[in-house]
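>
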Amino acid sequence: MSHPPDLWVVGDVHGEHDKLRALLLGAGLMDAGGAWAGGGAHLVFLGDYLDRGPDGLGVVRLVRRLEEEAPRSGGRVTALLGNHEVMFLAADRFRRTALGDRFGFQEYWEANGGQASDAARAGPDDLAWLAARPALARVGRWLLLHADSPMYLHLGGSVEAVNVRVAALLDSASAEVWGHFANAFAGRLAFVGPEGEGAARKLLDTFGGRRLAHGHTPVYVLLDEDGPGAGRPVLYAGGLCVALDSGMAYREDAGFIVRLNDRGVAEVRTFSPD
Numbered sequence: 001m002s003h004p005p006d007l008w009v010v011g012d013v014h015g016e017h018d019k020l021r022a023l024l025l026g027a028g029l030m031d032a033g034g035a036w037a038g039g040g041a042h043l044v045f046l047g048d049y050l051d052r053g054p055d056g057l058g059v060v061r062l063v064r065r066l067e068e069e070a071p072r073s074g075g076r077v078t079a080l081l082g083n084h085e086v087m088f089l090a091a092d093r094f095r096r097t098a099l100g101d102r103f104g105f106q107e108y109w110e111a112n113g114g115q116a117s118d119a120a121r122a123g124p125d126d127l128a129w130l131a132a133r134p135a136l137a138r139v140g141r142w143l144l145l146h147a148d149s150p151m152y153l154h155l156g157g158s159v160e161a162v163n164v165r166v167a168a169l170l171d172s173a174s175a176e177v178w179g180h181f182a183n184a185f186a187g188r189l190a191f192v193g194p195e196g197e198g199a200a201r202k203l204l205d206t207f208g209g210r211r212l213a214h215g216h217t218p219v220y221v222l223l224d225e226d227g228p229g230a231g232r233p234v235l236y237a238g239g240l241c242v243a244l245d246s247g248m249a250y251r252e253d254a255g256f257i258v259r260l261n262d263r264g265v266a267e268v269r270t271f272s273p274d
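Each residue of the sequence shown is one higher than the one before, counting from 1 in the UniProt record's numbering.
1) Assuming residue 84 contacts residue 50 under a Cβ cut-off of 8 Å, what Cβ separation, rounded to an integer in Å, is found between them?
2) Tell me the DSSP secondary structure of residue 264 in three-state form.
3) By DSSP's criteria, residue 218 is part of a beta bridge. Which residues make up the other side?
4) From which residue to which residue does the beta strand (DSSP E) around residue 142 run?
5) Which of helix, strand or coil does DSSP assign to residue 240?
6) Do residue 218 and residue 196 have their C-beta atoms closer together than 8 Å?
7) Along the alpha helix (DSSP H) that carries residue 120, what are the first and last residues, could you check?
8) Assuming the contact rule is C-beta atoms closer than 8 Å, residue 69 and residue 35 should be a hit. Round their C-beta distance to whole Å, please.
9) From the DSSP output, in three-state form, read off residue 270 for me.
10) What does the Cβ neighbour count give for residue 134, buried or exposed, with the cut at 16 atoms within 10 Å?
11) Check whether the Cβ atoms of residue 146 and residue 46 lie closer than 8 Å to each other.
12) Determine the direct distance from the alpha carbon of residue 221 to that of residue 75, and round the result to whole angstroms.
13) For residue 98 and residue 7, what's the separation of their Cα atoms in angstroms?
14) Going by beta carbon distance, what residues of the same chain come within less than 6 Å of residue 262, once the five residues before and after it are set aside?
15) Among 259, 233, 143, which residue has its Cα nearest to the Cα of residue 38?
16) How many Å lie between residue 223 and residue 93 at the Cα?
17) Determine the closest residue to residue 52 out of 65, 152, 15, with distance taken between C-alpha atoms.
18) Can you grab the Cα-Cα spacing for the pair residue 159 / residue 165, in whole Å?
19) Under 7 Å Cβ to Cβ from residue 79, same chain only, skipping five residues before and after it: list those, please.
20) Buried or exposed: which applies to residue 149, given that a residue is buried once 16 or more other Cβ atoms fall within 10 Å of its Cβ?
21) Keeping to the same chain, check which residues put their C-beta closer than 6 Å to that of residue 170; ignore five residues upstream and five downstream.
22) Which residue's Cα is closest to the Cα of residue 156: 119, 194, 192, 205?
23) Tell me whether residue 256 sits in a helix, a strand or coil according to DSSP, three-state version.
24) According to DSSP, is residue 86 part of a helix, a strand, or is it coil?
25) Just confirm the distance between the C-beta atoms of residue 232 and residue 192, as a whole number of angstroms; I'd bet it's less than 8 Å.
26) From residue 103 to residue 181, what distance separates their C-alpha atoms?
27) What would DSSP say about residue 103, mapped onto helix, strand or coil?
28) Do residue 244 and residue 213 count as a contact pair if the criterion is CB distance below 8 Å?
29) So, at 6 Å on beta carbons, what are the nonlocal neighbours of residue 235 in its own chain, with the 5 sequence-adjacent residues on each side left out?
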């Protein structure tokens, strides 16, 4: 009987290129030269490659390269859309229009950690790749998404429909469309509290899967604490949700990558600054 490939997941990287390299090396998914070494593994990124940290474009280009290389060894890389990609793309698009950025996308992006060096270095291929990111993925029993938000339910009734709708939104010339999408994407914490399990169940019933894994809200925010446990993934909402935003760009010692299986979190590799 064949076994499913290893499923590795990384939450919000936010420009922490060197941390990402260290984590991928530690998990055996990349070699010292930066090439794919994961064989038939499936590596999923939950979005937010840019902003806050020092080298968002370096992160984007590393993920792009691994996405291209992995299939040659029977592996796969899936890179989802995060809300910071939407902010970055909106600032770029409306900065270039004849009317200028009358809606303040540039200011909004900068206020949320936008890095001028990323904007200056981004080429047409980088922008096209970012705009082509899917919003949802389902791998085996896992539903994978960026935000702990019910926003996805308003975009379609299946993974495929949501991804088609998001592609259309990111192709829109309307500032109002972009603004509404960016604001909706900023919502969080939908799966905590008394109604959280029901909200998570609704997403799973709609899009499939037994559990969902998300980024967007750092674990220490979800826990409302900053102790040792804040450096590891959190299973919550009646066991339906796993939170995987390690807060890489917020704490020097933060960062982890996880291997998921049908039973939950099978392995955690954490970043060590030493």
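Just so it is clear, CB atoms sit at the ideal spot from N, CA and C, and this is done for glycine as well.
Note that the structure is predicted; figures quoted are calculated from it, not measured.
Straight from the coordinates:
1) For the purposes of this step, residue 84 is taken as residue 84 along the sequence shown, with counting starting at 1. For the purposes of this step, residue 50 is taken as residue 50 along the sequence shown, with counting starting at 1. About 5 Å; that satisfies the 8 Å criterion.
2) The residue labelled residue 264 in the question sits at position 264 within the sequence shown. Of the three classes helix, strand and coil, the one that applies to residue 264 here is strand, per DSSP.
3) Counted from its first residue, the sequence shown places residue 218 at position 218. Per DSSP, 245.
4) Counting from 1 along the sequence shown, the entry for residue 142 is found at position 142. Taken as a continuous stretch (DSSP letters only), the beta strand (DSSP E) holding residue 142 covers 142 to 145.
5) Numbered from 1 along the sequence shown, position 240 holds the residue referred to as residue 240. The answer is coil: DSSP assigns residue 240 none of H, G, I, E or B.
6) Taking the first residue of the sequence shown as 1, we reach residue 218 at position 218. Taking the first residue of the sequence shown as 1, we reach residue 196 at position 196. Going by C-beta atoms, residue 218 is not nearer than 8 Å to residue 196.
7) Here the question's residue 120 lines up with position 120 in the sequence shown. Segment 116 to 121, the alpha helix (DSSP H) holding residue 120.
8) Translated into the one-based positions of the sequence shown, residue 69 becomes position 69. Translated into the one-based positions of the sequence shown, residue 35 becomes position 35. Right, their Cβ atoms sit about 6 Å apart.
9) Translated into positions along the sequence shown, residue 270 becomes position 270. DSSP, reduced to helix, strand and coil, places residue 270 within a strand of the structure shown.
10) Along the sequence shown, read from residue 1 onward, the residue named residue 134 stands at position 134. So residue 134 ends up on the buried side.
11) As a working note, residue 146 is residue 146 in the sequence shown. As a working note, residue 46 is residue 46 in the sequence shown. Taking 8 Å as the Cβ cut-off, residue 146 and residue 46 qualify as a contacting pair.
12) For the purposes of this step, residue 75 is taken as the residue at position 75 of the sequence shown. For the purposes of this step, residue 221 is taken as the residue at position 221 of the sequence shown. Here the alpha carbon of residue 75 sits roughly 33 Å from the alpha carbon of residue 221.
13) For this step, residue 98 is matched to residue 98 along the sequence shown. For this step, residue 7 is matched to residue 7 along the sequence shown. In this prediction, residue 98 has a pLDDT of 49, which is less than 50 and means its spatial position is unreliable; nothing more can be read from the coordinates.
14) The count along the sequence shown starts at 1 and reaches residue 262 at position 262. Cβ within range, chain order: 141.
15) Here residue 38 refers to the residue found at position 38 of the sequence shown. Comparing Cα-Cα distances from residue 38 to each of 259, 233, 143, the minimum goes to 259.
16) Working through the sequence shown from its first residue, we reach residue 223 at position 223. Working through the sequence shown from its first residue, we reach residue 93 at position 93. Cα to Cα, residue 223 sits roughly 36 Å from residue 93.
17) Working through the sequence shown from its first residue, we reach residue 52 at position 52. Checked all of 65, 152, 15; the closest Cα to residue 52 is 15.
18) Residue numbering aside, residue 159 sits at position 159 when the sequence shown is read from its first letter. Residue numbering aside, residue 165 sits at position 165 when the sequence shown is read from its first letter. Each residue's alpha carbon lies about 10 Å from the other.
19) Sequence index remark: in the sequence shown, residue 79 carries index 79 (1-based). So the qualifying residues of the chain are 45, 63, 67, 133.
20) As a working mapping, residue 149 is identified with position 149 in the sequence shown. Classification for residue 149: buried.
21) The count along the sequence shown starts at 1 and reaches residue 170 at position 170. Around residue 170: 131.
22) Mapped onto the sequence shown, residue 156 falls at position 156. Closest by alpha carbon: 205.
23) Here residue 256 corresponds to residue number 256 of the sequence shown, with the count starting at 1. The answer is strand: DSSP assigns residue 256 an E or B state.
24) Within the sequence shown, numbered from 1, the residue matching residue 86 stands at position 86. Reduced to three states, the DSSP call for residue 86 is helix.
25) Position 232 of the sequence shown holds residue 232. Position 192 of the sequence shown holds residue 192. Rounded, the Cβ-Cβ distance is 17 Å, inconsistent with contact.
26) Mapped onto the sequence shown, residue 103 falls at position 103. Mapped onto the sequence shown, residue 181 falls at position 181. About 14 Å.
27) Along the sequence shown, read from residue 1 onward, the residue named residue 103 stands at position 103. Looking at residue 103 - three-state DSSP - the assignment turns out to be coil, as it is neither helix nor strand.
28) Here residue 213 corresponds to residue number 213 of the sequence shown, with the count starting at 1. Here residue 244 corresponds to residue number 244 of the sequence shown, with the count starting at 1. Result yes, Cβ atoms of residue 213 and residue 244 sit closer than 8 Å.
29) Your numbering for residue 235 matches position 235 in the sequence shown. Once the five neighbours on either side are set aside, the close Cβ partners of residue 235 are 242.
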